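Undergrad: Be aware that the sequence shown starts at 51, since it is given in my numbering, and climbs by one per residue.
Handing you this structure, nothing more for now.
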Amino acid sequence: MQQPGPMIRAHTDLFPIDIADSLLQDARRESFKVRAGQAFDDKDTRETVLSSPSLLALIELWTHLDIDRLFEIQQWYTTHADTLSKNEKRAVIFFGTFSIETLNINICSGTSLKSDVESVWNEHVKLFDAFTRDEVKSFIHRVMLMSEAPLVPDVLGRPDQDASLREQAYIHFRRLYDIGENVEPALAHDALIYADTIVQDQYIRCDQPDQPRRQELQFMFEDIMETFNLSRRFHRKVFGENNIRPDISYR
C-alpha cells in the first residue's frame, strides 16, 4: 500500500510504535478523549463530561495499558459505574466499547487474557442498562467491524452471527474509500475474507483473485487489514507474542 488510508490515519495515534515514548502516549490519551467526546454534539456537554475525574481515570488506565491495568479497569467499573451520570456512561460506552472490542479481537482464542477481557466486558455492558435498546445499538454499530462473540454479538442478540456482523460492517465502510457502483460481488467477497481472516489464531495469507481488481477495492482491503496489523503490533508489545494473533499478510 502506497500511503495510509482513512482507517490507518484514524488509528495511528491509538497504537504507538514505541509504548515507552511519552509523547506517543500523550497522543494515545487524546485519541481516547476524542472517541469519548464523539458521544456528544453539544460542545459544553462534551467539555463537562471530559473533565470528569472518573472518566479521566479510566482513560488513563487504557492509555498505559498492561495486564495489571486491565485488572484495574475491571475494578474501575466496580468502584465508579454506579456513581456516573448518564452522560458519563454514554462517554464510557463510546470509547470503552471500541477499546474492549479492539483488544478482544486481537487476542488468541483460549487464552487467559481472552477471559480477562471478557470479564471487563461483563462489567462494561452493565452501563447499557441506562439506555434504550435502540440507543445501545447506535453505540455498538460503530464497532461491528471488530465484533467477535460473545461481546457485541450477544448485546445485539446475534451470538452466532458475529462473522455476518463483521461482513456488514466491512461493506458499510465503503463510504470512506469512494467505492463506486457495480462492485457489490467483489466487495462482498472481500468482506467474507475479512470476516474469516481477522479471527484466525494462526498465520494466514489473504490471497486475492488473479483477475484485475478495482484499485479502490484493493486499497480499502489493504488499509483495513494493515490497521489491524498496526493494533496487533502494539498489543503484542503490551501482552506478549503468545497472547496476540499474528499479523495478516494481504499482498
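Heads up, the beta-carbon is just placed ideally off N, CA and C, and yes, glycines get one too.
Just so it is clear, the structure is predicted and the values come from calculations on it, not from any experiment.
Between which two residues does the alpha helix (DSSP H) containing Pro203 stretch?
TA: 201-205
Undergrad: Which full runs of the alpha helix (DSSP H) of 4+ residues lie inside the region 123-175, going along the chain?
TA: 136-156, 162-174, all fully within the region 123-175.
Undergrad: For Glu198 and Ile155, which I take to be in contact (beta-carbon distance under 8 Å), what is that distance rounded to the nearest angstrom?
TA: 5 Å
Undergrad: Would you call Leu64 buried or exposed, if buried means 16 or more other Cβ atoms sit within 10 Å of its Cβ?
TA: buried
Undergrad: Shortest alpha-carbon distance to Glu168 belongs to which of Asn137, Asp118, His222, Pro200?
TA: Pro200
Undergrad: Can you tell me whether Ser11 is helix, strand or coil according to DSSP?
TA: Shown here, the chain extends from 51 to 301; a query on residue 11 therefore has no answer.
Undergrad: Taking Arg282 as the reference, give the member of Ile69, Trp126, Pro56 with the closest Cα.
TA: Ranked by Cα distance from Arg282, the first of Ile69, Trp126, Pro56 is Ile69.
Undergrad: Would you call Tyr300 buried or exposed, if buried means 16 or more other Cβ atoms sit within 10 Å of its Cβ?
TA: buried
Undergrad: I'd like the list of long-range same chain contacts for His130, defined as Cβ closer than 7 Å, with 5 residues on each side in sequence excluded.
TA: Ser104
Undergrad: Using the rule of at least 16 other Cβ atoms within 10 Å of the residue's Cβ for burial, across every protein chain shown, is Glu234 buried or exposed?
TA: exposed
Undergrad: Identify which residue in Met270, Tyr220, Gly146 has its Cα closest to the Cα of Ser81.
TA: The candidate whose alpha carbon is nearest that of Ser81 is Gly146.
Undergrad: If you reduce the DSSP assignment to three classes, tell me which class Ile294 lands in.
TA: In the structure shown, Ile294 sits in a strand (DSSP, three-state: E or B).
Undergrad: What's the call for Arg295, buried or exposed, on a 16-neighbour Cβ count within 10 Å?
TA: buried
Undergrad: Excluding the 5 residues preceding and the 5 following Leu237 in the sequence, name in chain order all residues of the same chain whose CB lies nearer than 7 Å to its CB.
TA: Ile221, Arg224, Ile229, Leu267
Undergrad: DSSP on Glu208, reduced to helix/strand/coil?
TA: Correcting the residue type first, residue 208 is Arg in the shown sequence and not Glu. In this structure, Arg208 counts as coil in the three-state DSSP scheme.
Undergrad: Take Ala213 and list the residues in its own chain whose beta-carbon comes closer than 6 Å to its own, dropping the five residues that flank it on each side.
TA: Excluding sequence neighbours, Ala213 sits near Ala245.
Undergrad: Is Phe189 near the ligand ATP, judged by its Cβ being under 8 Å from some heavy atom?
TA: With respect to the ligand ATP, the structure offers nothing, as it holds no ligand at all.
Undergrad: What is the DSSP secondary structure of Arg85, counted as helix, strand or coil?
TA: helix
Undergrad: Using the DSSP secondary-structure output, state which residues sit across from Arg119 in a beta bridge.
TA: According to DSSP, which records beta bridges pairwise, Arg119 is partnered with nothing at all.
Undergrad: Spatial neighbours of Pro209 within its chain, please: CB distance less than 7 Å, with the 5 preceding and 5 following residues excluded, ordered by chain position.
TA: Ala199, Pro200, Pro203
Undergrad: Tell me the rounded alpha-carbon separation between Trp126 and Glu110.
TA: 11 Å
Undergrad: What would DSSP say about Arg305, mapped onto helix, strand or coil?
TA: In the structure displayed, the chain extends from 51 to 301; residue 305 sits before or after that span and is not available.
Undergrad: Got a sec, what are the start and stop residues for the alpha helix (DSSP H) His239 sits in?
TA: It spans 234-247 - the alpha helix (DSSP H) in which His239 sits, taken as one unbroken run.
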